[in-house]
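Participant: The structure that follows is given in the form of structure tokens.
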Amino acid sequence: MRRLLKPVFDPDRGYRRSSRVALRPEPFGALAYDFGTRRLSFLKTPTLVEVVRTLADQPDVHTTLDAAGVPGDQRAAYLKALAGLAEAGTIEAREDSE
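First residue of the sequence shown: 25, per our numbering; consecutive thereafter.
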């Protein structure tokens with residue numbers, strides 16, 4: 025039996041919020057609800073919400089983090105959070121960034 029490998033999160037690529045995911049603003053950031061999997065995720069900072077909302081507007085993740093004003097000392101934490109959101113299907117790689 026062949027195992028399918030999940031795509032690896034690559035911050036050099038462009039991403040977007042999945043069309044199945046809705047964001048609901050909250051004081052801490054936002055709730056992300058996936059209508060396909062019925063999974064609920066927490067975006068724990070307003071800046072992370074801004075990053076997820078604007079991913080499709082930028083050529084890659086690094087540019088998105090720059091545009092959102094993510095400080096250099098926090099980039100690793102944001103990349104880790106985005107990798108988790110990609111694994112959960114909340115965000116997905118854009119085909120136009122290959």
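Quick reminder that beta carbons are idealized off the backbone N, C-alpha and C, glycines included.
Cβ of Asp58 within 9 Å of Cβ of Ala105?
Facilitator: Not closer than 9 Å, so no.
Participant: Kindly indicate which residue of Leu47, Gly93, Leu89 has the alpha-carbon position closest to the one of Gly38.
Facilitator: Per the Cα distances, Leu89.
Participant: If you follow the beta strand (DSSP E) that Glu50 is in, where does it begin and where does it stop?
Facilitator: Where Glu50 is concerned, the enclosing beta strand (DSSP E) stretches over 45-50.
Participant: Here's the rule: buried if 16 or more other CB atoms are within 10 angstroms of the residue's CB, otherwise exposed. What is Gln82?
Facilitator: Buried, by the Cβ-count rule.
Participant: So if DSSP puts Arg63 in a beta bridge, which residue, or which two residues, is it bridged to?
Facilitator: According to DSSP, which records beta bridges pairwise, Arg63 is partnered with Asp58.
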